[in-house]
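Numbering (the numbering used here), first residue to last: 8 to 624.
Notes follow once the structure below has been shown.
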């Protein structure tokens, strides 16, 4: 950890750098071009403009996703500041996502407002999600348990599925390295004062040998991925609307038996969600009642003739959400509601289901150039202590370009079923992991430029880790169980800038992390001190070009060992044949760098993909 003067100097120099950078970039841009207004919903569950958001939220729209031509959701998230990815191989392999140095299970993931993920592992399988079915992604930085409840310690990722108007449709096909094949189709169907979108996608790849440790399985580790989503709305009258959405993901992933023990080396998954909602709105009041269910299912088995035990993990989560917003007089807004969850898991657990109840209230008030927000939430998790979470934020608009926002908040992560009730090693006495954070962000917005720099700190207590109980088993070995024993402090600086110079669009993202284990004073495992992403895009007549460079600094992996820093360059070139037909060539890891983000697991080498698509919009 650095000294306090060093941190203050870092903040001052960063803010000065942003000021100078913003002025230079603004002078170089075209005065008539304006940055598009960004509307997000993840901060409060209702539409808010960028100026009304007091937390940092990055969003990626469908157009940029298409130009990136990603092979996984992680490929999309990786270009954002503050988001770090760790992969055990390529697109179909296990992937973890961290926001601002938090653990991967400290990130809440939503699909169209529905919480997804495993209640046994406490994480989300990002490798099962198809980027082709995604319309937009919003990534909220920092704690938001005061609105969403458990898991939102590092941030919230919300994925919105594709939505087309009636009569619109698309189709696409792609082929690439390692016999990668993709086929996709989507259509919008109009029905009176409403429409429904149906999208389907299939992907498969023979893969490559992802594991390079000893012992080695000399085989390719491929994957198959199928996804179908349905999303629609019907306007009943001036005030009432019905909404529905559903998604089904099914696939198979091959991986290596790293212990050469004849254990599982392949898995099937079948995940789904559905959501039905009724909305009422008038000039002052909006209300939404939603009923939903999600399932996360995974079966692990041996892919060859060796007979091994099959293991299954399944989470079913029933949800009821009631959210309301009232626009009072004098720029005063009240937002609040209740959530109820029932989580049920499959397996030989001492307890295989629990109820979670939460109620929240958020108040936002505008006084001229000053905007204040306060949020508080109460959560009761069955058989675990209740939690009260809060956020308090304040921003000041100096002028049309400059805005300063400060916030503080708390969050929590409830123990998983594995932590509490895993047969023979669970600890039912665990309490929730908790955090307290601070954030100071300076925003700059002008003609054709949007930038911010954020300084943050997050202290996390009661982290769950394996520890000896002081007891012995029948063989004299120490008995270990999960315990609330670890503490961490994460500090950092996050920078983002989008601007245009000489008809070239630039996107810069940088994150500095100082992540400390508070008990030992050492580094936290798996964090990069520096991470940088630069994206350049250009459009000329029927051509478009997108080049992306990603740098990830060295990562501490324990003892005296570090993973080397990595450099990765991707290139995407598109050609619009006419109003409907388009071609795209994508090159991943253009310079064939050896990239390891998880010990002994290699990311793909150089890959090429060619796609053709038709859009009737």
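Virtual Cβ for every residue (Gly too), placed ideally from N, Cα, C.
Computed from a predicted structure; not experimentally measured.
May I ask you to report which of helix, strand or coil DSSP gives residue 350?
strand
Cβ-Cβ separation, residue 72 to residue 138 (assumed contact under 8 Å), whole Å
6 Å
Collapsed DSSP secondary structure at residue 607 in the structure displayed
coil
Ordered list of alpha helix (DSSP H) runs contained in the region 401 to 445, each at least 4 residues:
424 to 428
Opening and closing residue of the beta strand (DSSP E) in which residue 237 lies
228 to 242
Whole beta strand (DSSP E) runs in the region 278 to 336 with 3 or more residues, listed along the chain?
292 to 308, 318 to 335
Excluding the 5 residues flanking residue 620 on each side, which residues of the same chain have their C-beta closer than 6 Å to its C-beta?
179, 589
Close-in-space but distant-in-sequence residues of the same chain around residue 190 (CB under 7 Å, 5 per side omitted):
180, 209
Excluding the five sequence neighbours on either side, which residues of its own chain have a C-beta within less than 6 Å of the C-beta of residue 363, listed in chain order?
348, 388
How would you label residue 460, buried or exposed, when you count the other beta carbons within 10 angstroms and need 16 or more for buried?
buried
So, is the C-beta of residue 327 closer than 8 Å to a C-beta in chain B?
Here chain B cannot be found, since the structure has a single protein chain.
Look at residue 353 and residue 319 and say whether their C-beta atoms are less than 8 Å apart.
yes
Are the region 504 to 517 and the region 486 to 496 touching, with three or more C-beta to C-beta distances below 8 Å?
no
Is the distance from the Cβ of residue 317 to the Cβ of residue 298 below 8 Å?
no
With respect to the beta strand (DSSP E) encompassing residue 251, which residues constitute its N-terminal and C-terminal limits?
247 to 261
Where residue 59 falls: helix, strand or coil (DSSP)
helix
What do you reckon, are the CB atoms on residue 261 and residue 214 nearer than 8 Å?
yes
How far does the alpha helix (DSSP H) with residue 106 in it reach, from first residue to last?
Element bounds for residue 106: not the alpha helix (DSSP H) but the beta strand (DSSP E), 102 to 106.
Look at the alpha carbon of residue 253 and the alpha carbon of residue 169, and state the distance between them as a whole number of angstroms.
11 Å
Any idea what DSSP makes of residue 140, helix, strand or coil?
helix
Starting from the Cα of residue 613, find the closest Cα among 512, 602, 417, 404 and give me that residue.
602
Could you have a look at residue 130 and say whether DSSP puts it in helix, strand or coil?
coil
If I measure Cβ to Cβ from residue 197 and keep anything under 6 Å in the same chain, skipping five residues before and after, which residues do I get?
173
Out of 258, 226, 604, 321, which one is the CA nearest neighbour of residue 125?
321
Does DSSP put residue 160 in a helix, a strand or coil?
coil
Where does residue 185 fall in DSSP's three states?
helix
Classify residue 52 as helix, strand or coil using the three-state DSSP reduction.
coil
Would you report the Cα separation of residue 292 and residue 246, rounded to the nearest angstrom?
10 Å
For residue 612, three-class secondary structure by DSSP:
coil
Determine the extent of the alpha helix (DSSP H) in which residue 205 is found, giving its start and end residues.
It is not in any alpha helix (DSSP H) - residue 205 instead sits in the beta strand (DSSP E) that spans 201 to 215.
Can you give the beta carbon distance from residue 411 to residue 379, rounded, assuming they're within the 8 Å contact cut?
About 13 Å separates the two Cβ atoms, so there is no contact after all.
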